[in-house]
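**Q** This is the structure I want to talk about, given as structure tokens.
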Amino acid sequence: MKFLKTAVLVIFTTLSFNLWAATEKKVLASVHPLALVAASVVNSDQLQTLLPAGTSPHDFALRPSDVDRLQEADVILWTGPVAEPYLSGFARRWPDKTWIDLSKLATPEQPRDPHYWLSVPVVLKAQAALADALGKDASEFARQVERAVLYSDQVLAPVKDRGFFVFHRAYDHWVYERGLNQVGAFTLTPEQKPGMRTLQMMRDQLRRGEVACVFREPEFSPALVISVVGDLPVKHGELDPLGAHIDLSSDGYPYFLRDLADRAVNCLSL
Ligand SMILES: [Zn+2]
Numbered sequence: 000m001k002f003l004k005t006a007v008l009v010i011f012t013t014l015s016f017n018l019w020a021a022t023e024k025k026v027l028a029s030v031h032p033l034a035l036v037a038a039s040v041v042n043s044d045q046l047q048t049l050l051p052a053g054t055s056p057h058d059f060a061l062r063p064s065d066v067d068r069l070q071e072a073d074v075i076l077w078t079g080p081v082a083e084p085y086l087s088g089f090a091r092r093w094p095d096k097t098w099i100d101l102s103k104l105a106t107p108e109q110p111r112d113p114h115y116w117l118s119v120p121v122v123l124k125a126q127a128a129l130a131d132a133l134g135k136d137a138s139e140f141a142r143q144v145e146r147a148v149l150y151s152d153q154v155l156a157p158v159k160d161r162g163f164f165v166f167h168r169a170y171d172h173w174v175y176e177r178g179l180n181q182v183g184a185f186t187l188t189p190e191q192k193p194g195m196r197t198l199q200m201m202r203d204q205l206r207r208g209e210v211a212c213v214f215r216e217p218e219f220s221p222a223l224v225i226s227v228v229g230d231l232p233v234k235h236g237e238l239d240p241l242g243a244h245i246d247l248s249s250d251g252y253p254y255f256l257r258d259l260a261d262r263a264v265n266c267l268s269l
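Using numbering that gives the first Met the number 0, the letters of the sequence shown correspond one by one to residues 0 to 269.
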């Protein structure tokens, strides 16, 4: 009899546990930096990332297995139709899922750069919407991000006016919000080679000493940066708009912000 009671209890516990697991919502982040945001309120077993870390959304195409993962997800965090056109059709096809589109959370005075995960106000709104959809508390993330912003502004203050080139036009939100002096980009999107006039202008800016640092990106070959800069005396640094080197953890996104600031300071300081 005692054995039977235990067996019934075990079966019941297993059943209710499965039921609980099934009701936990599955979250899909389209790109790695959005997975860093989502990890603030989503356990790793309920969180998937569509594009592998280090994969740029430029020129990405979905495979059938990606469509399966999309279909399984309850909540999808994405950057909007400009940065991720491959998701637009699915957002229309499956309106019953919760789609959190970062581009819709921007204000009109913000830059139009589609890399919205680098805008702190947009990310805070997106994370709050995600927390709300999951019935979780967003305040700890907001506090951590606020501290990361304070840290960034503090360390960046002495180098704010020093000019730099970024590899591709991905950082406009960060540059605008932190008040930095970005004077150019080697490419508009990584697939596009710059024209002769742009290259000439960049060479002139470098020669006039308007550029203290040039940033490459780990996802792309630095050949273009090296050929433009030549042997001009300018520092080389690396920024990654995807934060591919940052592991998923509950404080991954605030760490990403601090890391960006540290990398910029390292290259921009004398
Ligand atoms: Zn990009």
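Glycine included, every Cβ here is placed at the ideal spot set by N, Cα and C.
Only a predicted model underlies this, so the values are computations on that prediction, with no experimental measurement involved.
Check whether the Cβ of Ala-169 lies closer than 7 angstroms to any heavy atom of ligand 1, and answer yes or no.
**A** yes
**Q** Can you find at least 3 beta carbon pairs, one from the stretch 185 to 195 and one from the stretch 142 to 162, that sit closer than 8 angstroms?
**A** The stretch 185 to 195, when compared against the stretch 142 to 162, does not touch it at the 8 angstroms Cβ threshold.
**Q** Do you know offhand how far Lys-234's Cα is from Arg-62's?
**A** So the two alpha carbons sit approximately 40 angstroms from each other.
**Q** For ligand 3, any of its heavy atoms closer than 7 angstroms to the Cβ of Ser-226?
**A** As far as ligands go, the structure on display features ligand 1 and does not contain ligand 3.
**Q** Counting Cβ pairs closer than 8 angstroms, one from the stretch 123 to 134 and one from the stretch 34 to 41, do we hit at least three?
**A** The stretch 34 to 41 and the stretch 123 to 134 touch, with three or more beta-carbon pairs separated by less than 8 angstroms.
**Q** The beta strand (DSSP E) that contains Gln-181, what's its start and end?
**A** 181 to 186
**Q** Between the Cα of Phe-122 and the Cα atoms of Leu-86, Asp-44 and Pro-32, which residue gives the shortest distance?
**A** The sequence given here places Val at residue 122; Phe does not occur at that position. Cα-wise, what sits closest to Val-122 is Pro-32.
**Q** Shorter than 7 angstroms, the distance from the beta carbon of His-114 to the closest heavy atom of ligand 1, or not?
**A** yes
**Q** Hey, Met-201 and Phe-164: beta-carbon distance below 8 angstroms or not?
**A** yes
**Q** Measuring alpha carbon to alpha carbon, tell me which residue in Tyr-252, Lys-96, Leu-76 and Ala-60 is nearest Tyr-85.
**A** Ala-60
**Q** Say the cut is 7 angstroms; is the CB of Ser-55 nearer than that to a heavy atom of ligand 1?
**A** At least one heavy atom of ligand 1 falls within 7 angstroms of the beta-carbon of Ser-55.
**Q** Counting along the chain, where does the beta strand (DSSP E) carrying Leu-104 start and finish?
**A** Element bounds for Leu-104: n/a, residue is neither H nor E.
**Q** Within a Cβ cutoff of 7 angstroms, which residues of the same chain sit near Asp-248, ignoring the five residues on either side of it in sequence?
**A** Just to set this straight, residue 248 is Ser in the shown sequence, not Asp. Excluding positions up to five away in sequence, the list reads Ala-38.
**Q** What residues match up with Phe-89 in a beta bridge as DSSP calls it?
**A** Answer by DSSP bridge pairing: none, since Phe-89 is not bridged.
**Q** In the DSSP assignment, what are the bridge partners of Thr-97?
**A** Looking at the DSSP output, Thr-97 sits in a beta bridge with Val-74.
**Q** Kindly give me the distance between the Cβ atoms of His-172 and Leu-117, rounded to whole angstroms, as I take these residues to be in contact under 8 angstroms.
**A** Between the beta-carbon of His-172 and that of Leu-117 there is about 4 angstroms, and that keeps the pair under the 8 angstroms contact cut.
**Q** Between the Cα of Val-174 and those of Leu-198, Trp-77 and Ala-263, spot the shortest distance and give me the residue it belongs to.
**A** Ala-263
**Q** Could you spell out the range, first to last residue, of the beta strand (DSSP E) harbouring Phe-219?
**A** No beta strand (DSSP E) contains Phe-219, which DSSP labels as neither H nor E.
**Q** Should Thr-188 be listed as close to ligand 1, given that the test is whether its C-beta is under 7 angstroms from any heavy atom?
**A** yes
**Q** How should Trp-77 be labelled, buried or exposed, when 16 other C-beta atoms within 10 angstroms of its C-beta is the threshold for buried?
**A** buried
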